[in-house]
Amino acid sequence: MKVLVSYACALKDIPEKVAELLGNLEENDLHFVTAELSEARSNSFEKNISEALEAIDRARIQLGKIDNSLIDYASILAGYSKTIADIQLGNDPAQINQEENNVDSEAEETNDQAS
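Whatever position you read off the sequence shown (first residue = 1), add 56 for our numbering.
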């Protein structure tokens with residue numbers, strides 16, 4: 057089951073926080089994948105096929121988790137970039153988000169009425 061976790065920090069700190077998260081991913085999760093691939097390779101050379109397949113499966117599962125994390129981090133940085141651009145244009149990001157939510161709600165109501 058996937059859950060949504062919220063984390064608050066100052067806008068200016070977002071790039072550094074994402075860099076920290078990426079560092080953790082690199083140091084911990086990628087190390088695990090590398091170890092699993094090494095184990096799979098060793099087992100394959102030794103013709104321990106079932107063990108090699110299990111190690112490959114564990115690596116694939118971890119790669120899926122890494123991919124989900126990278127998607128989240130990219131989304132955070134894209135939102136940060138958009139917010140900074142809005143601020144530089146003199147727009148209030150909070151107001152823009154509220155207007156987008158209103159448009160989304162109106163579109164949903166229109167779709168519901170059309171059904």
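Here a beta-carbon is modelled for each residue, glycine too, at the ideal position from N, C-alpha and C.
Short Cβ contact (8 Å threshold) for residue 129 with residue 74: As a working note, residue 129 is residue 73 in the sequence shown. As a working note, residue 74 is residue 18 in the sequence shown. Contact flag set, yes.
Length-filtered (4 minimum) alpha helix (DSSP H) runs lying within the region 76-160: 86-101 and 105-144
Where residue 73 falls: helix, strand or coil (DSSP): As a working mapping, residue 73 is identified with position 17 in the sequence shown. Note: residue 73 maps to helix in three-state DSSP.
Per-residue DSSP class, three states only, for residue 63: Locating residue 63 in the sequence shown gives position 7, counting from the first residue. Collapsing the DSSP output to three states places residue 63 in coil.
CA nearest to the CA of residue 63, picked from 127, 144, 143 and 132: Looking up residue 63 in the sequence shown gives position 7. Cα-wise, what sits closest to residue 63 is 132.
Contact belief for residue 112 with residue 96 at Cβ below 8 Å, rounded distance in angstroms: The residue you call residue 112 lines up with position 56 of the sequence shown. The residue you call residue 96 lines up with position 40 of the sequence shown. Going by Cβ atoms, the distance from residue 112 to residue 96 rounds to 5 Å, so yes, they are a contact pair.
Buried versus exposed call for residue 115 [16 or more other C-beta atoms within 10 Å across all chains shown]: As a working mapping, residue 115 is identified with position 59 in the sequence shown. Residue 115 is buried by the Cβ-count criterion.
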